[in-house]
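Asker: Would you mind keeping the following structure in view while I ask a few things?
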Amino acid sequence: MEISIYFKKAPDWEIAMFSDVKSSLALFSVCLAALMFGLEISSVPVILPTLESTLGASIRDMQGIMASCTIGCAVVLNVSGSLADRYGRRFILCLSVGAFGITSLACGLSTSPLSLIIARLNQGIAGGAMLTCVVATLNSQFPDGAKRSQAFGTWGTVFGAGLGFGPIVGGLLLEFSNWRWTFLIHTVIALPTLFLLKKSVRETKGVSSRSLDIVGMSLLASAIFIILYYVVEGPSLGRPKFTSIFSVFSVFSVFSSAVFLSTFYYRQKHIENPTIDFSLFKVPAFSGEILGAIGMNFSFWPFIIYLPLYLKLGLGLPSLDASLLLLSYTLPAILSPPLGEYLALRWQARIIIPLGLLISGLGFSLLLVGEIFSLQITFSLLPGSILSGFGVGLINTLITNTSTQSVNPHQAGMASEIDTSANLITLSIIISLMGALLVGGIGRHLAQDSPSHENGLGIHSAAEALAAGNIDNALEQIPELTAAGAREAFTAGFLCLTAFAFVSLLLFSVLSFVTFRIRSRDVTSKGIGRE
Numbered sequence: 003m004e005i006s007i008y009f010k011k012a013p014d015w016e017i018a019m020f021s022d023v024k025s026s027l028a029l030f031s032v033c034l035a036a037l038m039f040g041l042e043i044s045s046v047p048v049i050l051p052t053l054e055s056t057l058g059a060s061i062r063d064m065q066g067i068m069a070s071c072t073i074g075c076a077v078v079l080n081v082s083g084s085l086a087d088r089y090g091r092r093f094i095l096c097l098s099v100g101a102f103g104i105t106s107l108a109c110g111l112s113t114s115p116l117s118l119i120i121a122r123l124n125q126g127i128a129g130g131a132m133l134t135c136v137v138a139t140l141n142s143q144f145p146d147g148a149k150r151s152q153a154f155g156t157w158g159t160v161f162g163a164g165l166g167f168g169p170i171v172g173g174l175l176l177e178f179s180n181w182r183w184t185f186l187i188h189t190v191i192a193l194p195t196l197f198l199l200k201k202s203v204r205e206t207k208g209v210s211s212r213s214l215d216i217v218g219m220s221l222l223a224s225a226i227f228i229i230l231y232y233v234v235e236g237p238s239l240g241r242p243k244f245t246s247i248f249s250v251f252s253v254f255s256v257f258s259s260a261v262f263l264s265t266f267y268y269r270q271k272h273i274e275n276p277t278i279d280f281s282l283f284k285v286p287a288f289s290g291e292i293l294g295a296i297g298m299n300f301s302f303w304p305f306i307i308y309l310p311l312y313l314k315l316g317l318g319l320p321s322l323d324a325s326l327l328l329l330s331y332t333l334p335a336i337l338s339p340p341l342g343e344y345l346a347l348r349w350q351a352r353i354i355i356p357l358g359l360l361i362s363g364l365g366f367s368l369l370l371v372g373e374i375f376s377l378q379i380t381f382s383l384l385p386g387s388i389l390s391g392f393g394v395g396l397i398n399t400l401i402t403n404t405s406t407q408s409v410n411p412h413q414a415g416m417a418s419e420i421d422t423s424a425n426l427i428t429l430s431i432i433i434s435l436m437g438a439l440l441v442g443g444i445g446r447h448l449a450q451d452s453p454s455h456e457n458g459l460g461i462h463s464a465a466e467a468l469a470a471g472n473i474d475n476a477l478e479q480i481p482e483l484t485a486a487g488a489r490e491a492f493t494a495g496f497l498c499l500t501a502f503a504f505v506s507l508l509l510f511s512v513l514s515f516v517t518f519r520i521r522s523r524d525v526t527s528k529g530i531g532r533e
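Numbering-wise (the numbering used here), the sequence shown opens with residue 3 and increments by one.
See below:
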């Protein structure tokens, strides 16, 4: 009896302190989940050259390893949000964190490129669900406006730190252990994260749940898969140059993908709760930020996958040195967002987003000039990397904020899902497209230097081997090729990627600027957006 009376008379400050400690633990556990996801995204590219020698991964395997994760994330976004509203946000978050740890273990224990691709696909599904539930959990755990802003700021900083320091973490693990720990480290982090989530996060559910549009997501996933298969596998299906756009394979791929996309669009326009509300694209600010996000995915983010290959094969740098140099590419992207937010308050997002793309484009121009004229790292690669990362950092978080602020509050969740889906879908496609461009650029250079192999059979095999970082295999395919010639061919192919990224940034900078300046056609009165 005395004990119960004691607890009933506990002072308010003790209750408040206990609540603050619990909230801090909840934020800490959510930040651990963000750290895992950030590290996973940016550390894996560092180990890709190593996978060629340890697992025998080809360039197509490397594309699959990277793209499969983003596809898994994109497909599960809408489904995980609905499940979290229906069954509980903490429950689905804990489930996704546990699944991320298990799938990371499967990645670390993979014995072949195919098993790693499958494990990465499942890891992406778990990661996408985890990302969706983290945002929902922060919103429900911190309902107060000021505390919620601080919580999201802390979470964003930790997630950005994971992205920025992922390359150096991957390089250190590769230097002092092996590539498997790049994945296994997430299994280790997932265990305390799960424990803290269950102890500190309170369970909440949505007031209303959107129905799961499984048919719509299946249509969209089918269209994406066909496009990726066409880009990745097309060059190896008997047409090494991959230039015949009127071939049976090309026509079938484009036609079937168009059918799936058209059916998906028609379905979204005629169902009650669409996966994607296309009316949001009538809001100029929303469309402008989407173009800005796609511009980054055509350049900066997929480029990070192939840059380690260039540092190792084109420049001959050790893994740790390459990781440190890669840090100059990613670190500015996580340090400059506060400046971007400040500039947006003075000059608005419609100016800063196109400007950020333009600045990043100038960085890629320095990289391009350095590759063409073989300039030293300190004169081209280092300043070009810093400038490109700085430009992207100015707009990275600003784009996300603009997507939700440009529409009515009740559409903010849908806007966020469309923004994330567009990011992941375009990223997975461009990862594969850049791989095809790299192989094509290497192949064209080899064809000029090896006229005896103009039939393309040996050249295509050698180009794929070089694109995967395997010089020895390329030398076997073309006996007269030297190691110096192979490095020169790889640099020529990588130059194609740099030029593609540079042109894409300039193009999307202009498109974004023009779209932002389009006057809204009274969309606010129709409940679509707010200007």
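Just so you know, even glycine gets a beta-carbon here, dropped at the ideal spot from N, CA and C.
Please read all numbers here as calculations on a predicted model, not as lab measurements.
Using a 10 Å radius around the Cβ and a threshold of 16 neighbouring Cβ atoms, would you call Ile216 buried or exposed?
Answerer: By the neighbour-count rule (16 or more Cβ atoms within 10 Å), Ile216 is not buried but exposed.
Asker: So is Tyr232 buried or exposed if we call it buried at 16+ other beta carbons inside 10 Å?
Answerer: Looking at its Cβ environment, which holds 16 or more other Cβ atoms inside 10 Å, Tyr232 is buried.
Asker: I'd like the ranges of any alpha helix (DSSP H) spanning at least 4 consecutive residues and lying wholly in the region 344-392.
Answerer: DSSP runs (the alpha helix (DSSP H)) wholly in the region 344-392: 351-375.
Asker: Less than 9 Å between the beta carbons of Leu333 and Phe167, yes or no?
Answerer: A contact, by the Cβ cut-off of 9 Å.
Asker: State yes or no: is the C-beta of Phe518 within less than 9 Å of the C-beta of Ala351?
Answerer: Against a cut-off of 9 Å, the Cβ pair of Ala351 and Phe518 comes out as a contact.
Asker: For Leu311, count neighbouring Cβ atoms within 10 angstroms of its own Cβ and tell me buried if that reaches 16, exposed if not.
Answerer: Buried, since its Cβ has 16 or more Cβ neighbours within 10 Å.
Asker: In whole angstroms, what separates the C-alpha of Ser405 from that of Gly442?
Answerer: Distance between the alpha carbons of Ser405 and Gly442: 36 Å.
Asker: Is Gln450 buried or exposed, if buried means 16 or more other CB atoms sit within 10 Å of its CB?
Answerer: Label assigned to Gln450: exposed.
Asker: Between the alpha carbons of Gly297 and Ser418, how many angstroms are there, rounded?
Answerer: Near 17 Å, if we compare the C-alpha coordinates of Ser418 and Gly297.
Asker: If you compare alpha carbons, which of Val190, Ser252 and Val512 is closest to Thr105?
Answerer: Here the closest residue by C-alpha is Val190.
Asker: Whole angstroms are fine: how far does the CA of Leu477 sit from the CA of Leu483?
Answerer: Looking at the two C-alpha atoms, the distance is approximately 6 Å.
Asker: Could you check which residue in Ile170, Ala69 and Ile228 has the C-alpha nearest to that of Ile119?
Answerer: Minimum Cα distance to Ile119 is reached at Ala69.
Asker: For Ser324, which option in Val48, Gly372 and Ile388 has the closest C-alpha, if you only look at C-alpha atoms?
Answerer: First, the residue type needs correcting, since residue 324 is Ala and not Ser in the sequence shown. Among Val48, Gly372 and Ile388, the Cα nearest to that of Ala324 belongs to Val48.
Asker: Tell me, to the nearest whole angstrom, how far the beta carbon of Ile306 is from that of Tyr331; I am working on the premise that it is less than 8 Å.
Answerer: That pair is a contact at about 7 Å.
Asker: Do Arg91 and Cys33 have their beta-carbon atoms positioned less than 9 Å apart in this structure?
Answerer: Contact: no.
Asker: Leaving out five residues before and five after Gly240 in sequence, what residues of the same chain have Cβ atoms less than 8 Å from its Cβ?
Answerer: Caution applies to Gly240, whose pLDDT of 47 falls short of 50 and renders its modelled position unreliable; the model cannot decide the point.
Asker: Which term fits Asp474, buried or exposed, when burial requires 16 or more other beta carbons within 10 angstroms of its beta carbon?
Answerer: Burial call: exposed.
Asker: In angstroms, rounded to a whole number, what distance separates the CA positions of Gly130 and Ile433?
Answerer: One C-alpha to the other measures close to 18 Å.
Asker: Taking the Cβ atom as the reference point for each residue, do Leu309 and Leu319 lie within a distance shorter than 9 Å?
Answerer: In this structure, Leu319 does not lie closer than 9 Å to Leu309 by Cβ.
Asker: Let me know the secondary structure DSSP gives Ile273 once reduced to three states.
Answerer: In the structure shown, Ile273 sits in coil (DSSP, three-state: anything other than H, G, I, E or B).
Asker: Alpha helix (DSSP H) containing Asp474: first to last residue?
Answerer: Here the alpha helix (DSSP H) through Asp474 covers Ile473 to Gln479.
Asker: Quick one, which of Met38, Phe39, Leu50 and Ser514 has its alpha-carbon nearest Val285's?
Answerer: Of Met38, Phe39, Leu50 and Ser514, the residue nearest in Cα terms is Ser514.
Asker: By a C-beta neighbour count over all protein chains shown, 10 Å radius and 16 as the cutoff for buried, is Ser408 buried or exposed?
Answerer: It is buried - the Cβ of Ser408 has at least 16 other Cβ atoms within 10 Å.
Asker: Check the Cβ-Cβ distances between Ser84 and every residue of chain D, and say whether any is below 9 Å.
Answerer: This model lacks chain D altogether; it includes just one protein chain.
Asker: Could you check which residue in Pro276, Gly218 and Leu123 has the C-alpha nearest to that of Cys71?
Answerer: For the residues Pro276, Gly218 and Leu123, the minimum Cα distance to Cys71 belongs to Leu123.
Asker: When you compare only the Cα positions, how much space is there between Leu293 and Asn299?
Answerer: Those two C-alpha atoms are separated by around 10 Å.
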